[in-house]
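Residue numbers (my numbering), protein chains in the order written: chain B, 3 to 92; chain W, 56 to 449.
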């Protein structure tokens, strides 16, 4: 199973965990597996069909926008990172 | 001068031919016109360091007479014409006899020395050097070859703008001031609040209620009188951003909201200024350098801001007090690297820090060819800055 690491702001949706495991051979399937267990995560990062533009998804430290997007292959030893924009500076 | 000295002088004068200042000037001018292949004359200033620092003839080598035998190796070709000068024309004569002993064939002493040169109104340059106090203050920089006196002068000439004198701007500004960044601009319209003091170390308890920019200026000036602080007590917006950033070399972005980050990104692209970007949330921080058209910009990284629910900066998200210290100092480090032109800046790389895990990670960032701001058909001048995202009060 692939490892999915979540930015702090997303963790409440998965019960506070920093990383969770998910099944699937590509990003679309991995996310679908996560959404089936954590429905509120879908609302946060993919309310529509395509990936939201305010969230960056990396597979093994590579931005999937420059790979194959939702079709990017994900192996059992791969790490997916979900990273929304942060603004806090103060 | 005693009889013995006069005798040495007479002997030196018999041995070492002298040229007038005018002849030296003309010979150098001819050589300059002849081009780099015809550099047969080498001009050597044999005075002490403090005399050299007050002004010297352009193009001269500096070899103090006390180090003559050791350092004249800078002129390896002993058939070249070596023209020596000092302040009045006496030390250069003595130095001339030494060079003759060492085997230099054509040694000339400039009669009247630098005093006569200046008296004729001939051109000279005044090298920039650190003052004695500065040499002491920055001595630990001077010991680092990658910084040195030249690098320290670059830092003193640098102009860095802090967007915000808050959690990130405080540590960044404090250390940049200590490092001797000569001009620090601070834009911040807020006043110091008690709740800031858990992390905003430029301010203190007595300054609650003061403008942050003013409080930051007081702290910085007390630390380092070399630093000129320029305060901008206003909010960054469409009407002032281009004017404010125009005067600076590097921008340290420590804002707390998305509209300002998009606004700054677009303006920095248009003005071609690097932005050292940092952000913090609870226990985690992010850092990267946006260098226009060399790496990705903020809109390549985040084409759109998140919805309000996912933008905790607008609400009271909370942050571990020491965390902005770490991220702000990494921003200061990147700024110093950019000013000095050393190392590998964090361009195209996003560094993330997880304080609880004690982990740094790095993600590769790419320029988006279709980026609406910096892409091939980008128009940074007319993009939305999403002001509505932070419509709810903090």
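Beta carbons: idealized from backbone N, C-alpha and C, even for Gly.
Chain W contacts made by the stretch 58-89 of chain B, where a contact means CB separation under 8 Å:
58, 60, 63, 64, 65, 67, 68, 83, 85, 86, 87, 88, 89
For residue 273 of chain W and residue 213 of chain W, the rounded distance between their alpha carbons
20 Å
Within 10 angstroms of the Cβ of residue 56 of chain W, are there 16 or more other Cβ atoms? Answer buried if so, exposed if not.
exposed
With distances taken between CB atoms, is the gap from residue 16 of chain B to residue 8 of chain B smaller than 9 Å?
yes
Any chain B beta carbon closer than 9 Å to residue 334 of chain W:
yes
Going by beta carbon distance, what residues of the same chain come within less than 6 Å of residue 407 of chain W, once the five residues before and after it are set aside?
341, 416
Is any beta-carbon of chain W found at less than 9 Å from that of residue 10 of chain B?
yes
Candidates W:189, W:198, W:72: closest to residue 147 of chain W by CA position
W:72
Any Cβ of chain B within less than 9 Å of the Cβ of residue 412 of chain W?
yes
For residue 501 of chain W, go through chain B and note every residue whose CB falls closer than 8 Å to its CB, in chain order.
Outside the displayed range of chain W (56 to 449) lies residue 501 of chain W, so it cannot be described from this structure.
To the nearest angstrom, how far is it from the Cα of residue 287 of chain W to the Cα of residue 319 of chain W?
15 Å
Going along the chain, which residues of its own chain have a beta-carbon closer than 6 Å to the beta-carbon of residue 57 of chain B, five neighbours each way excluded?
47, 86
Within chain B, the residues that residue 419 of chain W reaches when beta carbons sit closer than 8 Å:
63, 64, 65
In the DSSP assignment, find the unbroken alpha helix (DSSP H) run with residue 37 of chain B in it and report its ends.
29-39
Classify residue 76 of chain B as buried or exposed, calling it buried when 16 or more other Cβ atoms lie within 10 Å of its own Cβ.
buried
Closest to residue 104 of chain W by CA distance: which of W:130, W:290, W:141 is it?
W:141
Can you check the stretch 56-87 of chain W for any alpha helix (DSSP H) of at least 4 residues that lies completely inside it and give the ranges in chain order?
58-70
Complete runs of the beta strand (DSSP E) confined to the stretch 354-441 of chain W [at least 3 residues]:
404-409, 414-419
Can you pull the chain B residues whose beta carbon is under 7 Å from the beta carbon of residue 360 of chain W, in chain order?
56, 87
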